[in-house]
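Down below is the structure, laid out as structure tokens.
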């Protein structure tokens with residue numbers, strides 16, 4: 770199984786909310802929730818296991834990030850959210866597993882409009898994904914060197 774290592778580099782535009790916040794990251798294809806409690810600088814890393822279909826099912830594969838503010842009396846309040854499609858994490862990481870990709874997202878408010886909060890992430894792929902896919906057809910290399918007349922005679 771492949772693991773995505775997602776680190777929060779910085780959050781811009783928090784302003785008055787910067788004292789205490791936490792983040793949840795949801796893998797929508799597996800409905801798994803990972804949370805980070807805004808502690809020290811070294812603790813803001815998610816390790817999200819993804820199966821091999823995560824990068825190939827581009828319509829449904831994504832991660833959903835939510836940023837919350839901690840409130841003593843009223844409980845957590847959502848400051849914003851964003852979707853991280855599998856294509857953004859992408860095929861650069863499939864070619865070079867040591868590559869780190871830097872992504873920035875402007876969060877959406879709870880009503881869906883754009884907020885002032887921008888989150889900067891770094892994404893690294895740990896392990897190599899299974900890139901083999903089952904296909905049905907005639908291999909091209911088997912037909913390349915064959916004369917068309919020989920091929921027609923063989924199939925008739």
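Residue numbers (the working numbering): 770 to 925. Virtual Cβ for every residue (Gly too), placed ideally from N, Cα, C.
**Message:** Judging by CA-CA distance, which residue of 893, 885, 816 and 880 is the nearest neighbour of residue 872?
**Reply:** 893
**Request:** Give the DSSP-derived three-state secondary structure of residue 885 in the structure shown.
**Result:** strand
**Item:** Residues that residue 891 bridges to, as DSSP identifies them
**Value:** 776 and 871
**Prompt:** Is the CB-CB distance between residue 849 and residue 891 below 9 Å?
**Reply:** no
**Asked** Tell me the DSSP bridge mates of residue 825?
**Response** Its beta-bridge partners do not exist; DSSP assigns none.
**Request:** May I ask which residues mark the beginning and end of the beta strand (DSSP E) holding residue 818?
**Result:** 814-819
**Message:** residue 855 and residue 826 - do their beta-carbons sit closer together than 9 Å?
**Reply:** yes
**Item:** Given residue 840 as reference, the closest of 887, 813 and 790 once Cα atoms are compared
**Value:** 790
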